[in-house]
Amino acid sequence: MEAVYNQTVTVVEFEEGLDGETFFLYIFLAALIVLLLVVGQHVLTSFSKKTSSRKQTIERGTGQSDDVDFEWLPKETLREISRKQL
C-alpha cells in the first residue's frame, strides 16, 4: 500500500509595485482628465465669444479705378488693360 498525499497547495504570487491593470487604469484616468479639460476650455471660449461679439471691419479694396497706381506696370500690360476696358 502506498500513502496518498492529500493536502492543499498554497500558491503565493509575487507582489510587484505596479501591475499592468493598474498602469492602464492610471493612463485611462489621465486621458479622461485631459478630455474634460479640453471640453471645459471649449465651453469657456464659446461663452466668451458670444458675449463679446464686435462687428469686424472688412476691407473692400479701392473704391475707384482712379485710386490705383499703374506706374510700376510695363507699358505692354497697361495697353492690354486699357484695351480690355474698352
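Heads up, the sequence shown is in the numbering used here, so the first residue is 39 and it goes up one at a time.
In this text, a Cβ means the ideal position worked out from N, Cα and C, and glycines have one as well.
Taking the alpha-carbon positions, what's the residue 56 to residue 71 distance?
-> Mapped onto the sequence shown, residue 56 falls at position 18. Mapped onto the sequence shown, residue 71 falls at position 33. Cα to Cα, the separation comes out at about 21 Å.
Note down the Cα distance separating residue 119 from residue 111, rounded to an integer number of angstroms.
-> Within the sequence shown, the letter at position 81 stands for residue 119. Within the sequence shown, the letter at position 73 stands for residue 111. Distance between the alpha carbons of residue 119 and residue 111 is about 10 Å.
Mind checking whether the beta-carbon of residue 94 lies closer than 6 Å to any heavy atom of the ligand PLP?
-> Annotation note on the ligand PLP: not contained in the displayed structure, which lists no ligands.
Coarse secondary structure for residue 43, derived from DSSP in three states | The residue given as residue 43 occupies position 5 in the sequence shown. Three-state result, residue 43: coil.
Simplified DSSP state of residue 125, which is helix, strand or coil | What is shown of the chain runs 39 to 124, which leaves residue 125 out entirely.
Which of helix, strand or coil does DSSP assign to residue 65?
-> Locating residue 65 in the sequence shown gives position 27, counting from the first residue. Helix.
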